[in-house]
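A.B. asks:
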Amino acid sequence: MQAEIMALAAAALFGASVTTLKRGFVHSSPLASTIVVTAVNVVIFWIISLLFVPLDLFLTAGIPFFIIGGLLGQALARTMQYTGADKVGPARSLTALATTSIFGAFFAILLLGEKWTLPVITGTLLIILGVAFLAGEGKRNWKRRHLLYPLTASVIYGLVIVLQKAGLTITQSAIVAVTVTTTSALIGLFSYAAATGKIRKLSLGKARNLFVLAGIFNSIGFLLNFEALRLGMVTVIMPLVGTQPLFATLFSRLFLKGFEKITWNVVVGAIIVVLGVAVITGL
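Counted the way the numbering used here counts, the sequence shown spans residues 487 to 769.
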């Protein structure tokens, strides 16, 4: 149960993080937010690592899994996630991201030999229905194709989480995992921004403090997520972290009244998705 509680706490913090970012998008861009949040991750995790973690743990065979996870999951997928939050709003974006549990189950079956059970199939159908509610909303100021941003992020996250679970099995340290993952992500992000010339166009303005706060929320959630993944099963932890939409919807209603419109479609879609992930875990 400890792992499950950590996963739910991580979901709440991720919901708070992306809702905070939405306020900052008024003054800056998703790429800038990704770099700032990742930089905050790196600073926090390296301080903890240098103070409390034996450095020989950074030389284990699980490290390559975290490097790949950082480049794919935290650099590419996080940029797609934050772009989706900007385009369609945090509640819709995180609801679409709940499909990560489905893609993760697929990769777990493919790579780890897990079985495709009736609860997983039922949960899959419920999640697809929930996302359909989002895309089928009547009046909106966003385009359906913008849901491809969070959905693409979900596919990448699903693959990365399975790889990171393999790395955690070897390393047995969540703080090492998040430190290496976010460091490689930051290197990847800066390399991309420099190669495309976007680094000169990055501007934070009034969004700086909001992005830093979002980074703090994200860092705590990220560490809890990895610790839960280390202690629990992928097929259980991923759906629980997928309850982010409910927290995002709540925070959006409380703090984004001028930014985010929470309609019945969004609420029903979020509930259906969460029901789907609950069925998968047998809760």
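Backbone N, C-alpha and C define an ideal beta-carbon position, used for all residues, glycine too.
I need the straight-line Cα distance from Ile-607 to Thr-524, nearest angstrom please.
C.D. replies: Against the sequence shown, residue 607 aligns to sequence position 121. Against the sequence shown, residue 524 aligns to sequence position 38. Distance between the alpha carbons of Ile-607 and Thr-524 is about 34 Å.
A.B. asks: Determine the direct distance from the alpha carbon of Val-765 to that of Ala-497, and round the result to whole angstroms.
C.D. replies: Within the sequence shown, numbered from 1, the residue matching residue 497 stands at position 11. Within the sequence shown, numbered from 1, the residue matching residue 765 stands at position 279. One C-alpha to the other measures close to 17 Å.
A.B. asks: Please name the residue, chosen from Arg-739, Phe-544, Leu-709 and Leu-611, that lies closest to Val-666 on a Cα-to-Cα basis.
C.D. replies: Taking the first residue of the sequence shown as 1, we reach residue 666 at position 180. Nearest option by C-alpha distance: Phe-544.
A.B. asks: Can you name the start and end residues of the alpha helix (DSSP H) that Ile-588 belongs to?
C.D. replies: Within the sequence shown, residue 588 is the residue found at index 102, counting from 1. 586-598 is the span of the alpha helix (DSSP H), which, as asked, contains Ile-588.
A.B. asks: For Lys-573, does the count of other Cβ atoms within 10 angstroms reach 16, so buried, or fall short, so exposed?
C.D. replies: Translated into the one-based positions of the sequence shown, residue 573 becomes position 87. Burial call: buried.
A.B. asks: Who are the Cβ neighbours of Arg-564 in its own chain at under 6 Å, not counting the five residues just before and after it?
C.D. replies: The residue labelled residue 564 in the question sits at position 78 within the sequence shown. So the list reads Thr-520, once near-sequence residues are dropped.
A.B. asks: Below 8 Å CB to CB, which residues in the same chain sit around Gly-653 once its five sequence neighbours on both sides are set aside?
C.D. replies: Locating residue 653 in the sequence shown gives position 167, where the first residue counts as 1. Gly-548, Ile-549, Pro-550, Phe-551, Phe-552, Gly-555 and Ala-663.
A.B. asks: Whole angstroms is fine: what's the gap from Gly-674's alpha carbon to Leu-637's?
C.D. replies: Along the sequence shown, one-based indexing puts residue 674 at 188. Along the sequence shown, one-based indexing puts residue 637 at 151. If I take the Cα positions, the gap works out to 21 Å.
A.B. asks: Buried or exposed: which applies to Gly-683, given that a residue is buried once 16 or more other Cβ atoms fall within 10 Å of its Cβ?
C.D. replies: The residue you call residue 683 lines up with position 197 of the sequence shown. Flag for Gly-683 reads exposed.
A.B. asks: Determine whether the beta carbon atoms of Ala-493 and Leu-690 lie at a separation below 7 Å.
C.D. replies: By 1-based counting over the sequence shown, the position of residue 493 is 7. By 1-based counting over the sequence shown, the position of residue 690 is 204. No, the Cβ-Cβ distance between Ala-493 and Leu-690 is not below 7 Å.
A.B. asks: Shortest alpha-carbon distance to Phe-712 belongs to which of Met-724, Gly-701 and Ile-702?
C.D. replies: In the sequence shown, the residue the question calls residue 712 occupies position 226. Minimum Cα distance to Phe-712 is reached at Met-724.
A.B. asks: Which runs of the beta strand (DSSP E), 3 residues or longer, sit entirely within the region 623-705?
C.D. replies: Taking 3 residues as the minimum length, the region 623-705 contains no beta strand (DSSP E) run wholly inside it.
A.B. asks: Since Ser-514 contacts Gly-707 with CB under 8 Å, what's their CB separation in whole angstroms?
C.D. replies: Counted from its first residue, the sequence shown places residue 514 at position 28. Counted from its first residue, the sequence shown places residue 707 at position 221. Actually they are not in contact, since the Cβ atoms of Ser-514 and Gly-707 sit about 21 Å apart, beyond 8 Å.
A.B. asks: Give me the residue from Ala-489, Gly-501 and Ala-495 with the minimum Cα distance to Phe-737.
C.D. replies: As a position in the sequence shown, residue 737 is number 251, starting the count at 1. When each option's Cα is compared against that of Phe-737, the closest is Gly-501.
A.B. asks: Could you spell out the range, first to last residue, of the alpha helix (DSSP H) harbouring Ser-535?
C.D. replies: Walking along the sequence shown from the start, residue 535 turns up at place 49. From DSSP, the alpha helix (DSSP H) with Ser-535 extends over 516-538.
A.B. asks: Pick out whichever of Thr-505, Leu-604 and Val-539 has its Cα sitting closest to the Cα of Thr-569.
C.D. replies: Here residue 569 is taken as the residue at index 83 of the sequence shown, counted from 1. Selected option, being the one with the closest Cα: Thr-505.
A.B. asks: Report back the beta-carbon spacing between Val-522 and Phe-593 to the nearest angstrom; my notes put them in contact at under 8 Å.
C.D. replies: Numbered from 1 along the sequence shown, position 36 holds the residue referred to as residue 522. Numbered from 1 along the sequence shown, position 107 holds the residue referred to as residue 593. Between Phe-593 and Val-522 the Cβ distance is about 30 Å, and since that is not below 8 Å, they are no contact.
A.B. asks: So for Met-719, helix, strand or coil by DSSP?
C.D. replies: For the purposes of this step, residue 719 is identified with residue 233 of the sequence shown, where counting begins at 1. Of the three classes helix, strand and coil, the one that applies to Met-719 here is coil, per DSSP.
A.B. asks: Between Thr-721 and Val-760, is the Cβ-Cβ spacing less than 7 Å?
C.D. replies: In the sequence shown, counting from the first residue as 1, residue 721 sits at position 235. In the sequence shown, counting from the first residue as 1, residue 760 sits at position 274. Cβ atoms of Thr-721 and Val-760: not closer than 7 Å.
A.B. asks: Applying the 10 Å Cβ sphere with the 16-neighbour rule, what's the burial state of Ala-681?
C.D. replies: What you label residue 681 is simply residue 195 of the sequence shown in a count that begins at 1. Classified as exposed, Ala-681 has fewer than 16 neighbouring CB atoms from the shown chains inside 10 Å of its CB.
A.B. asks: Answer yes or no: do Thr-603 and Ile-588 have a C-beta to C-beta separation smaller than 7 Å?
C.D. replies: The sequence position of residue 603 within the sequence shown is 117, counting from 1. The sequence position of residue 588 within the sequence shown is 102, counting from 1. The Cβ atoms of Thr-603 and Ile-588 lie no closer than 7 Å to each other.
A.B. asks: Can you list, in chain order, the residues of its chain with a C-beta nearer than 6 Å to that of Leu-717? Leave out the 5 residues immediately preceding and following it.
C.D. replies: On the sequence shown, position 231 is the one that residue 717 refers to. So the qualifying residues of the chain are Ala-489.
A.B. asks: Can you round the beta-carbon distance between Leu-709 and Ile-661 to whole angstroms, since I take them to be within the 8 Å contact cut?
C.D. replies: Walking along the sequence shown from the start, residue 709 turns up at place 223. Walking along the sequence shown from the start, residue 661 turns up at place 175. Yes, Leu-709 and Ile-661 are in contact; Cβ-Cβ is about 7 Å, under 8 Å.
A.B. asks: Got a sec? Which residues, its chain only, sit under 6 Å from Gly-624 by beta carbon, not counting five neighbours each side?
C.D. replies: Here residue 624 refers to the residue found at position 138 when the sequence shown is read from its first residue. Unreliable positioning characterises Gly-624 in this predicted model, as indicated by a pLDDT of 49, which lies under 50. A coordinate reading is not provided.
A.B. asks: Go through its chain and collect everything with a Cβ distance to Phe-741's Cβ below 7 Å, but skip five positions before and after it.
C.D. replies: Position 255 of the sequence shown holds residue 741. So the qualifying residues of the chain are Thr-505.
A.B. asks: Between Phe-697, Leu-726, Ser-705 and Leu-558, which has its C-alpha nearest Leu-645's C-alpha?
C.D. replies: Indexing the sequence shown from 1 puts residue 645 at position 159. Considering only alpha carbons, the answer is Leu-558.
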